[in-house]
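K.L.:
One structure, pasted below without further comment.
In the working numbering, the protein residues as written are 49 to 392.
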């Protein structure tokens, strides 16, 4: 068989959330920094993102991480998170997938019992510490970018639930953090559809009522996700992040856990040295620890460390012929909602 193009991927998940790693075949992305490259994908040419995240080669309940050479001398590798809606600056579960994939595949040399990997991302430098044994990553701890609260207990108007309060915080991307009881649901697998629909509606309303702009990262100027939260009897935080076009994160969400840690830090409920367990809708767990303080654009920020585990479960080669009918994929209204019929 003859194919004009092919892309090589490692198939990876982190606590059930799929975060494949694109290791070969991708075109060069213009830009002098990783943030420039992400903005190029979002504003100039997103054909690669559409190829690897849309049907018929993919589905909405996954991400693909574009592995690229770092743009800074102090990093071992760089990556950009490609999702169904756009490229995003950072994701904790995806970062754990990337570290696991590049170490277990030999892209970066593994050293036991611990390997330190420095990753160039659009959000900034991430330092990851992987606990390794017998060629496997047993856990990955990410020292995330400075995370801060933008708004606490901010009231928004909703037609369905009346006024509800949200915390808006940055943990690598911007989140709206919502106590789930306000929408009359609980975080459990049987509520996943209702949570997804509520999260997408709240994201739409937040875009109309709340403006955000990161003080140092150009183009990071939207609330990317709504994360519902609840509190467990053992002190853990139950989390459910909702993502376009309308699904829930299978993992406890590393950047969301960082954003929630920032909200707790801003309230004085967490201090440096404290840790919280984040537990997902299907029971997976991350640990989010406050390891330091910082200041970003005049905002008091916390330095989070997020620990979890990823699993490499296969390899894939995507092949693309120039004469096939859907060269950059498509979306349909059964997953994207009634406003979409077909996009190519």
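Positions of the beta carbon are idealized from the N, C-alpha and C atoms, including for glycine. Only a predicted model underlies this, so the values are computations on that prediction, with no experimental measurement involved.
1) Tell me which same chain residues have a C-beta within less than 7 Å of the C-beta of residue 292, skipping the five on either side of it?
2) Can you pull the DSSP bridge partners for residue 96?
3) Which residues mark the beginning and the end of the beta strand (DSSP E) in which residue 105 is found?
4) Sorted by chain position, which residues of the same chain lie with C-beta nearer than 8 Å to residue 322's C-beta, five sequence neighbours on each side aside?
5) Taking its Cβ as the centre, do 16 or more other Cβ atoms sit within 10 Å of residue 87, making it buried, or is it exposed?
6) Using the three-state DSSP reduction, which class does residue 367 fall into: helix, strand or coil?
7) Is residue 392 helix, strand or coil by DSSP?
8) Quick one: what's got a C-beta closer than 7 Å to residue 97's C-beta in the same chain, skipping five residues either side?
9) Looking at the structure shown, is residue 237 part of a helix, part of a strand, or coil, going by DSSP?
10) Report yes or no: do three or more beta-carbon pairs, one from the region 180-199 and one from the region 352-370, lie closer than 8 Å?
11) Using the C-alpha atoms, what's the distance from residue 116 back to residue 265?
12) Can you tell me whether residue 320 is buried or exposed, with buried defined as 16 or more other CB within 10 angstroms of its CB?
13) Cα separation between residue 74 and residue 318?
14) Between the C-alpha atoms of residue 70 and residue 54, what's the straight-line distance to the nearest angstrom?
15) Rounded to a whole number of angstroms, what is the C-alpha to C-alpha distance between residue 280 and residue 260?
16) Give a yes or no on whether the C-beta atoms belonging to residue 298 and residue 330 are separated by under 7 Å.
17) Quick one, are the C-beta atoms of residue 178 and residue 138 less than 7 Å apart?
18) Look at residue 223 and residue 307 and say whether their C-beta atoms are less than 7 Å apart.
19) Would you kindly work out how many angstroms separate the C-alpha atoms of residue 232 and residue 241, rounded to a whole number?
20) May I have a chain-ordered list of the beta strand (DSSP E) segments no shorter than 3 residues that lie completely inside the region 57-83?
21) Three-state secondary structure (DSSP) at residue 211?
22) With 16 as the cutoff for other CB atoms within 10 Å, does residue 262 come out buried or exposed?
23) Can you name the residues that DSSP bridges to residue 160?
24) Would you decide whether residue 58 is buried or exposed? Buried here means 16 or more other CB atoms lie within 10 Å of its CB.
25) Whose CA, out of 93, 384, 255, lies closest to the CA of residue 272?
26) For residue 143, which option in 66, 234, 368 has the closest C-alpha, if you only look at C-alpha atoms?
27) Would you report the Cα separation of residue 355 and residue 110, rounded to the nearest angstrom?
28) Counting along the chain, where does the beta strand (DSSP E) carrying residue 325 start and finish?
29) Measuring only the C-alpha atoms, how far is residue 153 from residue 246?
30) What residue from 375, 385, 269 has the CA that sits closest to residue 102's CA?
31) Based on the DSSP output, what are the partners of residue 219 in its beta bridges?
32) Residue 49: buried (16+ other C-beta within 10 angstroms of its C-beta) or exposed?
33) Assign residue 85 to one of two classes, buried (16 or more other C-beta atoms within 10 Å of its C-beta) or exposed (fewer than that).
34) Does DSSP classify residue 336 as helix, strand or coil?
P.N.:
With the given structure in hand:
1) 132, 133, 248, listed in sequence order.
2) Checking the DSSP bridge columns, you'll see residue 96 has no partner listed.
3) In the DSSP assignment, residue 105 falls outside any beta strand (DSSP E) and carries neither an H nor an E.
4) Same-chain partners within the cutoff: 337, 338.
5) Buried, by the Cβ-count rule.
6) Strand at residue 367.
7) Confidence at residue 392 is low in this model, with a pLDDT of 47, below 50, so its placement is unreliable and the value that follows should be read with caution. Here residue 392 carries a coil assignment [DSSP, helix/strand/coil].
8) Scanning its chain for C-beta atoms nearer than 7 Å, with the 5 sequence neighbours on each side dropped, one finds around residue 97 the residues 89, 130, 135, in chain order.
9) In this structure, residue 237 counts as helix in the three-state DSSP scheme.
10) Counting Cβ pairs under 8 Å, three or more are found: they touch.
11) Rounded to the nearest angstrom, the two C-alpha atoms are 20 Å apart.
12) Counting the other Cβ atoms within 10 Å of the Cβ of residue 320 gives fewer than 16, which makes it exposed.
13) Their Cα atoms are separated by approximately 42 Å.
14) The alpha-carbon atoms of residue 70 and residue 54 are separated by roughly 11 Å.
15) Distance between the alpha carbons of residue 280 and residue 260 is about 30 Å.
16) The answer is yes: Cβ separation under 7 Å.
17) In this structure, residue 178 sits away from residue 138, with a CB-CB distance that is not shorter than 7 Å.
18) For residue 223 and residue 307, yes; Cβs fall inside 7 Å.
19) Cα-Cα distance, rounded: 14 Å.
20) If we require 3 residues or more, the beta strand (DSSP E) runs fully inside the region 57-83 come out as 65-72.
21) DSSP, read as helix, strand or coil, puts residue 211 in strand.
22) Residue 262 should be labelled buried.
23) Answer is none; residue 160 lacks a bridge partner.
24) With 16 or more other Cβ atoms within 10 Å, it is buried.
25) For the residues 93, 384, 255, the minimum Cα distance to residue 272 belongs to 255.
26) Closest in alpha carbon position to residue 143, among 66, 234, 368, is 66.
27) So the alpha carbons of these two residues sit roughly 20 Å apart.
28) Counting along the chain, residue 325 sits inside the beta strand (DSSP E) bounded by residues 323-327.
29) Their Cα atoms are separated by approximately 39 Å.
30) That would be 375, whose Cα lies nearest to the Cα of residue 102.
31) Note: residue 219 sits in no beta bridge, so no partner.
32) Note that residue 49 scores a pLDDT of 40, beneath 50, so its modelled location is shaky and nothing firm can be said.
33) Under this definition residue 85 is a buried residue.
34) Reduced to three states, the DSSP call for residue 336 is strand.
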